[in-house]
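Residue numbers (this note's numbering), protein chains in the order written: chain C, 1 to 491; chain E, 492 to 763.
C-beta atoms are modelled at their ideal positions from N, C-alpha and C, and glycine is treated no differently.
Here is the structure we will look at.
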C-alpha cells in the first residue's frame, strides 16, 4: 500500500481548538489513516509538518489559513479523512447558533448564565472532582457526583460543606438519582408515586424502584449518596440529610434505605433515625437478617421492595412459575457450577447473599467493578465485554448455570439485550453440541417506560433461550433450585 | 477604533474568550473581540455586560454566522470611555503554589496524534525561554520555535509565550527579578512584537497585548494562583477546560517563569 499525503487548505478559517482536535481524532480512526494534522498554517507549523514528512510540496498557505493534512495508506483513505474533517468544519459553520461555543466551561460560568440552576452533575476524573464539587456546593447547587477515585478525606470534607448548607452531595461514585422526575446517571423512567429511595448502591436502588414500578407503585425521589456514605469514616452524613429532606416532602408516603451492610455503629444510628422519621420505613441492607421491628429490615432488594409494597397495602408481581416449569423440563442434569456475570454491582451482591444463604458456592463477578473496566466503558454502557464472557461460558464443562442481569434506563446501552442474547445462544449451542445442559438465567431491571422497553428486551432474551425472571432474587433462587435438584439427581 | 466600519464587521472566530469580529480600518484591518460576563475581559475587546444586550447580540451573531458572516453593529451605542485596566495586579509567588502547578501539569497525559497536533514540544520550551530571560537574553532562538507553533487557532507556542510573559510580570512585581532578569523581560517584550508576524491574526493580538502587559481575565486568575496552593489547584481544573490545550499551555509558561524567577531571586539566594 502506498503511503500518501492528502491535504486541503481552508483560507482564513478559524475554528475552536476543541473542534480541530476532535475532528483530527475522528479522522484518524478511519481505516488506513495514520496521522492527521489540522492546524493554522503558520511558518512554524509548516516547519513541523515538513520535519515529520507531512507537508505536501505543492501547497503554500498563509498563517491565517487552516491546513488539514492526512497521511494514509492510499489516496482513498486520505481523501476520506479530509472529507470527514471538512464535513465537521462545515457542520460547525452551520450548526444553529453558537451553542457548543457558549456552553459553560465551569460551574462559575454556569451560575452566571442561569441563576435558577439547582443541580450540578460532575463526572470529571476523580483527581479534579473535589474542586468542581466544592465550587458547585459553594455556588448553592446540589451535586450529583458520578466521578470515582475521590479520596475519602475529600468526600468527608465536601459532605460536611453540603450538610452545613443543606445541599445534597450525591456521591462520589454515585450511579443513579431521580429528583422530581429528572433522571441523573443510570436511571429508569419511573411512574410518580409516594416512595422515596435513599441509596448507597446504584443498581440496588434501580432494582427496588423497578420492582415497585412493576407493582404499580411510583417513586417520588431516588437520592444516591455514594457507596461509602454508610461507612464508619463518612458516618452517613448524606444519608441523614437525605432522610431529613424526604421526611419534609409532603409527597412521600414511605421511605426505603438501600445499602450494602453498613458499619455497625452507623447502622444503629441510621436505624434510629429511620424509626424517628414519622413515615413508614424499610431498611434494605444487603445480607442482613430480616427483622420486623419499628423499622422493617430486609436483607435482599426484592425483600425490601416487597416490604415497601406491603406497607402501602400492595404486593409485588413475582410469578416464578416459569422456573418451576423449567426445572421439571431439566431432562439432562446441569453441571453444579454457577457463574454470575453481572453489570450491576448490587445485583451481583444480592445473588451472593441468596446463594450463600442456600449454601451454594459460586463464581459471581461484578463486571462493572474497576478491576474489569480499566480503559473501557462500564458494561451497562458497552455490553460487548460481558457478552464475550457469556459466550465463553458455554465452553466450560464445569458450569451448569450462568446468571446474568440486564439493566435498562437512561445511561444504559440502547439495546443491551441483543448482544447478550447472541452470546447466550452461542453458549447454549456450544454446550448442547458438547452433550451438556446449560441454563442461562437472568432478570431485566427496567420499566415499560424505559427507552429500551422492558418487555421488548425481555422477549429478545427469551427468544435466545434465556430464562428470564421477574426479579434478580428470583433468578438466583432458581439457580439454587437447579443446583440442588442436580445434586439430588447425582446422588 | 474607527466605528465608521461598524456596519461591516465580519465574524472571524467564536472562541473560548469571546467572539472575534474584524473590519477594515483606515490603515489596516482591525480586530474586535466581543466578550461577555461569563467569558471574562480580553485586552482590546468590547465587553457586553448587560444581560439583555448579550442576548440581542448573541442572536445577531448567530444569525450572521448562518448567513453572510457579516454583522451590522452601527446601531449600537458604545461607551468607549469606560475602560478596564487589564494589567496584572498579582504580586506574589509561593513555592508550594508553583509546586502544585508543576505536579498538576506533569500529570497531564500527552496528546496523541500527529506531531503537529501535540503541544508537548512547545510546553517543553517554556523552561528554556524562562531561563533565557533570567539570564538577560531576549530568548529569540527559543521564541522562533514557539511563535506560531503547535495546535489551536492561537497556536500552543503562542499561549506558552503569553504565559511566560505573565509569570515574569508577576515575578517582577514580587521583587523576584534582579537587574539582569528585568532586562531580559524588557528584551523579551520587545522581541515578541516582530516575532508575532509569524503567527495568526488572533494570536498576534494576544501576544502584542501580553508584551504591553495586558492579559485577559482568565490569565489574571492563573497569575493570582501563583500565591496560593489551594487556588493553584482550582485554576488547574479551569485551565484544563480552557480550549483543547490553551489553558494548560498558558499554565506551562506561567509556571516556568515563576520557577525561573524564584530560582534566581536574590532574596532566596541569600536565604539559601
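Cα-Cα separation between residue i and residue j, rounded to whole angstroms
i: residue 587 of chain E; j: residue 674 of chain E; result: 27 Å
i: residue 296 of chain C; j: residue 302 of chain C; result: 13 Å
i: residue 218 of chain C; j: residue 41 of chain C; result: 59 Å
i: residue 121 of chain C; j: residue 267 of chain C; result: 28 Å
i: residue 457 of chain C; j: residue 78 of chain C; result: 41 Å
i: residue 257 of chain C; j: residue 154 of chain C; result: 24 Å
i: residue 441 of chain C; j: residue 29 of chain C; result: 38 Å
i: residue 740 of chain E; j: residue 195 of chain C; result: 50 Å
i: residue 393 of chain C; j: residue 207 of chain C; result: 25 Å
i: residue 160 of chain C; j: residue 260 of chain C; result: 22 Å
i: residue 690 of chain E; j: residue 46 of chain C; result: 11 Å
i: residue 336 of chain C; j: residue 471 of chain C; result: 22 Å
i: residue 391 of chain C; j: residue 287 of chain C; result: 30 Å
i: residue 169 of chain C; j: residue 152 of chain C; result: 13 Å
i: residue 559 of chain C; j: residue 176 of chain C; result: Given a span of 1 to 491 for chain C in the structure shown, any question on residue 559 of chain C remains unanswerable.
i: residue 386 of chain C; j: residue 657 of chain E; result: 51 Å
i: residue 481 of chain C; j: residue 384 of chain C; result: 29 Å
i: residue 435 of chain C; j: residue 419 of chain C; result: 24 Å
Within-7 Å CB hit, residue i to chain C
i: residue 644 of chain E; result: yes
i: residue 714 of chain E; result: no
i: residue 533 of chain E; result: no
i: residue 711 of chain E; result: no
i: residue 639 of chain E; result: yes
i: residue 725 of chain E; result: yes
Per-residue burial, residue i [other beta carbons within 10 Å of its own, 16 or more giving buried]
i: residue 655 of chain E; result: buried
i: residue 742 of chain E; result: buried
i: residue 363 of chain C; result: exposed
i: residue 684 of chain E; result: exposed
i: residue 575 of chain E; result: exposed
i: residue 173 of chain C; result: buried
i: residue 15 of chain C; result: buried
i: residue 709 of chain E; result: buried
i: residue 610 of chain E; result: buried
i: residue 371 of chain C; result: exposed
i: residue 203 of chain C; result: buried
i: residue 165 of chain C; result: exposed
i: residue 494 of chain C; result: In this structure chain C extends from 1 to 491, so residue 494 of chain C is not present and cannot be described.
i: residue 754 of chain E; result: exposed
i: residue 479 of chain C; result: buried
i: residue 614 of chain E; result: buried
Residues that residue i contacts on chain C, provided the C-beta gap is smaller than 8 Å
i: residue 737 of chain E; result: 17
i: residue 734 of chain E; result: 16, 17, 18
Chain-ordered chain E contacts of residue i [CB-CB under 7 Å]
i: residue 40 of chain C; result: 644, 646, 691
i: residue 59 of chain C; result: Result: empty, since nearest Cβ-Cβ is about 14 Å, beyond 7 Å.
i: residue 28 of chain C; result: 604
Residue-chain proximity (residue i, chain E), Cβ-Cβ < 7 Å
i: residue 500 of chain C; result: Nothing about residue 500 of chain C can be read from this structure; chain C reaches only from 1 to 491.
i: residue 35 of chain C; result: yes
i: residue 111 of chain C; result: no
i: residue 63 of chain C; result: yes
i: residue 21 of chain C; result: yes
Proximal chain E residues relative to residue i, where beta-carbon distance stays under 9 Å
i: residue 24 of chain C; result: 604, 605, 608, 642
i: residue 261 of chain C; result: The premise fails here: residue 261 of chain C is roughly 35 Å from chain E at the closest Cβ pair, so nothing lies under 9 Å.
i: residue 52 of chain C; result: 605, 606, 607
Partner residues on chain C for residue i, Cβ-Cβ distance less than 7 Å
i: residue 728 of chain E; result: 128, 131, 132
Neighbouring residues, chain C, relative to residue i (Cβ below 9 Å)
i: residue 719 of chain E; result: Residues of chain C passing the Cβ test: none, with the nearest at roughly 13 Å.
i: residue 636 of chain E; result: 44, 47
Exercise. Are at least three pairs of beta-carbons, each pair with one atom in the segment 421 to 441 of chain C and one in the segment 178 to 190 of chain C, less than 8 Å apart?
Worked result: no
Exercise. Pairing CB atoms from the segment 206 to 215 of chain C with CB atoms from the segment 225 to 241 of chain C, are three or more of them under 8 Å?
Worked result: no
For this session: Give a yes or no on contact between the segment 69 to 76 of chain C and the segment 700 to 715 of chain E, applying the rule of three or more CB pairs nearer than 8 Å.
Result: The segment 69 to 76 of chain C, when compared against the segment 700 to 715 of chain E, does not touch it at the 8 Å Cβ threshold.
Problem set entry | Segment contact, 8 Å Cβ cut-off, at least three pairs: the segment 215 to 229 of chain C with the segment 304 to 318 of chain C | yes
For this session: Would you check if the segment 408 to 416 of chain C and the segment 172 to 186 of chain C touch, i.e. whether three or more CB-CB distances between them fall below 8 Å?
Result: yes
For this session: Inspect the CB distances between the segment 676 to 696 of chain E and the segment 721 to 735 of chain E and report whether three or more fall short of 8 Å.
Result: With a cut-off of 8 Å, the segment 721 to 735 of chain E and the segment 676 to 696 of chain E do not count as touching, because too few Cβ pairs lie within range.
Exercise. Within the chosen definition, does the segment 80 to 89 of chain C reach the segment 17 to 37 of chain C through at least 3 CB pairs nearer than 8 Å?
Worked result: yes
For this session: Would you check if the segment 592 to 607 of chain E and the segment 35 to 54 of chain C touch, i.e. whether three or more CB-CB distances between them fall below 8 Å?
Result: yes
For this session: Mind the definition here: the segment 588 to 603 of chain E touches the segment 620 to 639 of chain E only if three or more C-beta pairs lie below 8 Å; say whether that holds.
Result: They do not touch, by the three-pair rule.
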